[in-house]
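Before any comments, here is the structure.
Protein chains: 6
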Amino acid sequence: MIYITRKEQFSASHLLANAELTAEENLELFGKCNNLHGHNYYLEVTVCGTPDTKSGYVMDLKYLKDIITEEIIGKVDHRFLNEIEMFRNVIPTTENMAMVFWKILSDRVQTGNAQLYSVKIYETEKNFVLYKGGL
Amino acid sequence: MIYITRKEQFSASHLLANAELTAEENLELFGKCNNLHGHNYYLEVTVCGTPDTKSGYVMDLKYLKDIITEEIIGKVDHRFLNEIEMFRNVIPTTENMAMVFWKILSDRVQTGNAQLYSVKIYETEKNFVLYKGGL
Amino acid sequence: MIYITRKEQFSASHLLANAELTAEENLELFGKCNNLHGHNYYLEVTVCGTPDTKSGYVMDLKYLKDIITEEIIGKVDHRFLNEIEMFRNVIPTTENMAMVFWKILSDRVQTGNAQLYSVKIYETEKNFVLYKGGL
Amino acid sequence: MIYITRKEQFSASHLLANAELTAEENLELFGKCNNLHGHNYYLEVTVCGTPDTKSGYVMDLKYLKDIITEEIIGKVDHRFLNEIEMFRNVIPTTENMAMVFWKILSDRVQTGNAQLYSVKIYETEKNFVLYKGGL
Amino acid sequence: MIYITRKEQFSASHLLANAELTAEENLELFGKCNNLHGHNYYLEVTVCGTPDTKSGYVMDLKYLKDIITEEIIGKVDHRFLNEIEMFRNVIPTTENMAMVFWKILSDRVQTGNAQLYSVKIYETEKNFVLYKGGL
Amino acid sequence: MIYITRKEQFSASHLLANAELTAEENLELFGKCNNLHGHNYYLEVTVCGTPDTKSGYVMDLKYLKDIITEEIIGKVDHRFLNEIEMFRNVIPTTENMAMVFWKILSDRVQTGNAQLYSVKIYETEKNFVLYKGGL
């Protein structure tokens with residue numbers, strides 16, 4: 000197996016709150032992340048497979064870039080995550096974002112010789128999350 | 000002169016809109032930046048002066064860090080910039096943010112042998128602004 | 000499983016020497032690393048688990064940051080590693096540092112749904128070490 | 000197991016083309032990558048093993064650096080990859096480069112307590128490839 | 000004055016040679032840079048001026064991005080610099096590239112309240128050049 | 000004028016103390032920087048001048064690299080700064096280091112068409128100092 004990765008960036012706002020909790024409970028649980036704030040997120044999508052003998056590519060990274068742009072970046076960049084359809088009923092923690100992105104991308108990147116391996120999201124350079132599917 | 004710099008980070012949300020324009024005019028003028036979104040901002044505050052003979056410092060960068068934290072980071076990190084007092088009647092473009100931060104910091108960092116030289120803000124790694132006072 | 004990471008930085012000095020070797024043997028074995036020198040180390044602590052349904056977190060990264068700060072950063076930042084209790088009888092190579100930090104953190108980060116997955120240390124941007132336990 | 004990594008950089012030119020295809024087919028398949036262009040590549044070579052009790056090293060990273068420099072960097076830095084012996088009959092995609100480098104390094108880094116674990120190549124900061132052997 | 004910067008990236012190949020010198024003289028003068036090789040270049044274009052009162056912008060960085068893309072990136076990305084029209088009779092050292100880009104951009108970014116201030120090019124992260132006009 | 004920069008890295012240990020003060024006074028003045036610790040320093044040396052018509056270089060950056068390596072890196076890398084001859088009677092704050100390096104480099108990089116413009120030192124990614132001569 001070879002693992003190839005495409006990295007993209009988007010800027011978005013969010014706040015963390017559980018709709019079933021009171022304002023006081025949410026502030027207690029999420030602290031300053033309960034405030035409306037935002038990030039420059041970095042998204043790394045990794046696909047694994049075997050190189051195609053004709054091209055020497057596992058997958059053309061321009062093709063992977065186009066899928067990520069169409070399915071993810073175009074919908075979350077310069078947006079308020081809590082009001083986007085893909086996060087309806089989902090608290091936009093980085094963990095949940097990785098799982099939502101995985102579900103969206105998994106079928107789209109599947110080809111004869113390659114499949115989605117992982118989704119990694121950097122919320123800041125100090126905080127990041129990796130998901131490889133399976134939950 | 001020696002120029003010393005302290006770099007800090009904060010995560011905030013904002014949207015760009017001129018209160019005197021209509022919603023359509025703001026969308027036309029600011030495009031996707033008119034949407035509620037956010038960034039991990041990097042702030043570089045540069046002080047210039049001569050090294051103190053006793054310490055060999057122009058200024059203790061821990062002291063500069065404390066000023067920046069108290070005056071800026073503590074007020075903008077994990078916040079919605081448009082609703083913060085320092086941006087009342089100010090569109091929070093990176094240019095205006097640099098000018099507002101300059102006004103706040105200028106007196107605070109003035110010492111016998113040192114003074115504020117510049118405020119630099121990275122909105123993203125691709126977009127940044129430098130202000131040296133004087134407007 | 001989801002893997003969440005918190006990255007912290009510390010600045011420390013060290014020198015590499017095996018107490019059972021002569022000065023000449025240590026210089027031969029460790030070269031310039033046998034001299035007293037130092038680094039800005041970056042430490043990445045990764046915890047894996049399942050997101051809590053109430054918070055959407057595997058673990059609050061602020062909680063993880065507090066543990067790392069209390070157990071590691073507070074003890075090694077701006078210190079001479081060879082004279083710190085945790086490196087008594089341990090040559091402070093990056094490999095050994097990762098193993099020592101793992102032992103310190105392993106129990107502390109264990110919760111109902113999460114556990115320590117790896118400790119990664121960058122000695123410089125060109126030299127880094129990853130440890131996942133088990134030795 | 001402990002995983003230790005050495006990162007090196009080289010600047011090279013290449014173009015992607017399959018010798019069995021026509022000029023039109025290559026342009027269709029590879030797009031702008033069919034043009035003669037170049038990159039600052041970053042190469043991360045990871046070795047895994049157990050620390051030597053005498054030195055506390057899995058492997059002296061200076062020794063690993065010397066192998067990488069001799070076997071790889073000295074042959075590809077400031078060169079046109081398509082004309083280098085190691086890429087004879089190989090399209091120099093990042094995937095193929097990782098596999099070629101693996102074959103070259105695998106025996107060289109093998110020692111009593113350590114072996115090659117992975118080769119990672121960044122073609123740009125947005126596009127990178129990881130190979131762990133086995134194809 | 001406020002200084003705003005847009006950073007873009009391009010990947011290109013080049014070789015350094017003076018057409019008036021022999022092959023031996025060029026190899027002596029330029030060393031390994033006389034070989035065909037390539038880089039991921041980073042280009043930072045800085046414009047200075049006063050913020051527009053309506054928008055709070057010195058210049059919309061999306062507008063600056065479009066100019067840079069049209070005038071520079073679209074012409075040099077994934078290309079062999081020595082064969083591009085803008086480098087006809089110009090050795091593509093980083094110094095000369097900065098001067099050529101300055102001439103191309105200077106008029107295009109001139110507006111009522113803003114003008115080109117500097118062009119900065121990173122050939123690698125260790126080698127970079129800044130030009131502010133005037134030669 | 001064109002400004003060209005070469006960036007180098009070194010790892011060193013130091014502690015801040017004024018020999019004329021007591022241990023208590025030094026601890027009070029320098030805080031944790033009074034402890035023996037260390038850093039991965041980044042040094043950026045900028046030379047300004049006009050490009051040579053034959054080479055298109057202000058100065059061959061390989062030549063500048065060799066000077067920096069010989070005069071600075073070879074003397075400070077993997078060393079304890081307080082015991083190096085160039086810091087005899089100088090507290091190794093980043094400010095003082097920049098001034099000492101300037102004095103060492105200024106004559107060495109002077110050529111017919113180029114001269115030293117600035118010395119910049121990053122002690123950490125958050126703390127850095129710039130010196131342009133004149134004190």
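Chains as they are written, first to last, in numbering that gives the first Met the number 0: chain P, 0 to 134; chain Y, 0 to 134; chain H, 0 to 134; chain Z, 0 to 134; chain S, 0 to 134; chain D, 0 to 134. The beta-carbon is built from N, C-alpha and C at its ideal position, and this holds for glycine as well.
For residue i and chain Z, any beta-carbon pair shorter than 9 Å?
| i | result |
| --- | --- |
| residue 5 of chain S | no |
| residue 20 of chain H | yes |
| residue 133 of chain H | yes |
For chain P, check one thing: does any of its Cβ atoms lie closer than 9 Å to the Cβ of residue i?
| i | result |
| --- | --- |
| residue 94 of chain Z | yes |
| residue 105 of chain Y | no |
| residue 123 of chain Y | yes |
| residue 112 of chain Z | no |
Using a C-beta cutoff of 9 Å, does residue i count as contacting chain Y?
| i | result |
| --- | --- |
| residue 98 of chain S | no |
| residue 34 of chain P | yes |
| residue 11 of chain P | yes |
| residue 1 of chain S | yes |
| residue 37 of chain P | yes |
| residue 64 of chain P | no |
Tell me, please, whether the CB atom of residue i is closer than 9 Å to any CB atom in chain H?
| i | result |
| --- | --- |
| residue 28 of chain D | no |
| residue 73 of chain P | no |
| residue 130 of chain Z | no |
| residue 115 of chain P | no |
| residue 81 of chain P | no |
Does any residue of chain D bring its CB to less than 9 Å from the CB of residue i?
| i | result |
| --- | --- |
| residue 127 of chain S | yes |
| residue 55 of chain Y | yes |
| residue 61 of chain Y | yes |
| residue 44 of chain S | no |
| residue 49 of chain Y | yes |
Beta strand (DSSP E) containing residue i: first to last residue?
| i | result |
| --- | --- |
| residue 5 of chain D | 1-13 |
| residue 215 of chain P | In the structure as shown, chain P begins at 0 and stops at 134. Residue 215 of chain P is therefore absent and cannot be evaluated. |
| residue 43 of chain H | 36-48 |
| residue 89 of chain Y | Neither: residue 89 of chain Y is in no beta strand (DSSP E) and is coded neither H nor E. |
| residue 120 of chain D | 113-121 |
Give me the residue from the options with the minimum Cα distance to residue i.
| i | options | result |
| --- | --- | --- |
| residue 59 of chain Y | D:60, D:133, D:33 | D:33 |
| residue 104 of chain S | S:62, S:27, S:13 | S:62 |
| residue 122 of chain H | H:115, H:99, H:102, H:94 | H:94 |
| residue 10 of chain S | S:115, S:114, S:71 | S:71 |
| residue 69 of chain H | H:39, H:7, H:0, H:25 | H:7 |
| residue 19 of chain Z | P:30, P:41, P:53 | P:53 |
| residue 106 of chain P | P:22, P:132, P:38, P:27 | P:132 |
| residue 4 of chain Y | Y:67, Y:22, Y:16 | Y:67 |
| residue 73 of chain P | P:29, P:134, P:110, P:42 | P:42 |
| residue 88 of chain Y | Y:28, Y:15, Y:38 | Y:15 |
| residue 110 of chain Y | Y:28, Y:50, Y:23, Y:100 | Y:50 |
| residue 64 of chain Y | Y:116, Y:2, Y:108 | Y:108 |
The alpha helix (DSSP H) with residue i in it runs from where to where?
| i | result |
| --- | --- |
| residue 93 of chain P | 93-107 |
| residue 127 of chain H | Run containing residue 127 of chain H: none in the alpha helix (DSSP H); it sits in the beta strand (DSSP E), 126-130. |
| residue 56 of chain S | Residue 56 of chain S -> no alpha helix (DSSP H), and no H or E assigned at all. |
Taking a contact to mean a Cβ-Cβ separation below 9 Å, would you say residue i touches residue j in this structure?
| i | j | result |
| --- | --- | --- |
| residue 119 of chain S | residue 44 of chain S | yes |
| residue 205 of chain Y | residue 92 of chain D | Missing from the structure shown is residue 205 of chain Y; chain Y here goes from 0 to 134 and no further. |
| residue 77 of chain P | residue 36 of chain Y | yes |
| residue 12 of chain H | residue 79 of chain D | yes |
| residue 113 of chain Z | residue 57 of chain Z | yes |
| residue 17 of chain S | residue 83 of chain S | no |
| residue 98 of chain S | residue 134 of chain S | yes |
| residue 81 of chain Z | residue 124 of chain S | no |
Within 9 Å (strictly less), CB to CB, does residue i reach chain C?
| i | result |
| --- | --- |
| residue 90 of chain Z | Here the protein chains are P, Y, H, Z, S and D, and chain C is not one of them. |
With 9 Å as the threshold, decide whether the Cβ of residue i is near any Cβ in chain S.
| i | result |
| --- | --- |
| residue 86 of chain Z | no |
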